[in-house]
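In what follows, a single structure is set out as structure tokens and then discussed.
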Amino acid sequence: MAATPLKLGSYAGLAVALFGLASYRFYGGQGAQDPPSKEQVLVGSMAQGLSQAHYQPQRLDDNFSRRVYELALKRLDYRRKFLLQADVAQLAKYQLDIDDETKRGTREFLDLSTRLMAERTQQVQALVHELLAQPFTFDADETIQTDYEKTAFPASVAERREQWRKQLKYETLARVAELLDEQDKRHARAPLASLRH
40 MAATPLKLGS YAGLAVALFG LASYRFYGGQ GAQDPPSKEQ VLVGSMAQGL SQAHYQPQRL
100 DDNFSRRVYE LALKRLDYRR KFLLQADVAQ LAKYQLDIDD ETKRGTREFL DLSTRLMAER
160 TQQVQALVHE LLAQPFTFDA DETIQTDYEK TAFPASVAER REQWRKQLKY ETLARVAELL
220 DEQDKRHARA PLASLRH
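Residues in the sequence shown are numbered from 40 upward in steps of one, following the numbering used here.
Structure below.
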């Protein structure tokens, strides 16, 4: 049975990773410089696999960095409800450096993005508990943008709080509407009571 190009790429990537680890083990102590860390070797092997052994080789350049940055930002906070604009500005400094980090075997962008999301997630969890502890008022005429591609990251903690308040209020209204629809459907299907004696 012939191997498909996808399997060959996977096998080649695994072989490159194993070769990189073996090289680190055999040659790690030689030379004037400190041996690379295990993480540097793994990231370096991954970079080599992407640029040479991948079934669709990627050039590690600024375009690669930009694509990875945009995808990472989208995956980190696709609803734009956790990170603040200041956080995004911090991450943007790495927009063209991810390829260089990959080549060096460092991961500053990954560490910063992970730390920021952990902090913001913790803050938002506390905020959600606080907002849900108070009743919503439904007498104000408010709007909410549900297309997250059209929203900006909040500029401040206060703006993020307001976005979450509106989001939770909207979700509450949507859930009440669902429950009322289900109740109407149950009543429509229920048999009429008989009045016979």
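Note that CB positions come from ideal geometry on N, CA and C, so glycine has one too.
Item to complete: Whole angstroms is fine: what's the gap from R159's alpha carbon to D126's?
Response: 10 Å
Discussion item. Whole angstroms are fine: how far does the CA of E181 sit from the CA of T145?
Written reply: 46 Å
Discussion item. Just verifying my parser: in three-state terms, what is the DSSP assignment at T182?
Written reply: Coil at T182, not helix or strand.
Fill in: Cβ neighbour criterion (16 or more within 10 Å) applied to V107
Under this definition V107 is a buried residue.
Worksheet item: Between D116 and the rest of its own chain, which residues show a CB-CB distance below 6 Å, the 5 nearest in sequence each way excluded?
Response: L122
Fill in: Selected residue, minimal CA-CA separation from N102, among K205, D136, L130
Checking every option, the nearest Cα to that of N102 belongs to D136.
Fill in: Residue interval of the alpha helix (DSSP H) (run including R146)
Counted as a single uninterrupted DSSP element, the stretch harbouring R146 is not any alpha helix (DSSP H), since DSSP gives it neither H nor E.
Fill in: Same chain, Cβ closer than 6 Å to E109, neighbours up to 5 away in sequence not counted
Excluding sequence neighbours, E109 sits near nothing in its chain.
Practice prompt. Pull up the distance between the alpha-carbon of R114 and that of A197, whole angstroms please.
Written response: 24 Å
Item to complete: Rank S104, R118, R200, Q134 by C-alpha distance to the C-alpha of E188 and give the top, closest one.
Response: R118
Worksheet item: Run through DSSP, which three-state label would A191 get?
Response: coil
Worksheet item: With respect to the alpha helix (DSSP H) encompassing Q202, which residues constitute its N-terminal and C-terminal limits?
Response: 196–228
Discussion item. For K132 and A165, what's the separation of their Cα atoms in angstroms?
Written reply: Their backbone Cα atoms lie some 29 Å apart in a straight line.
Worksheet entry | Backbone CA spacing between D100 and T141 [nearest angstrom] | 10 Å
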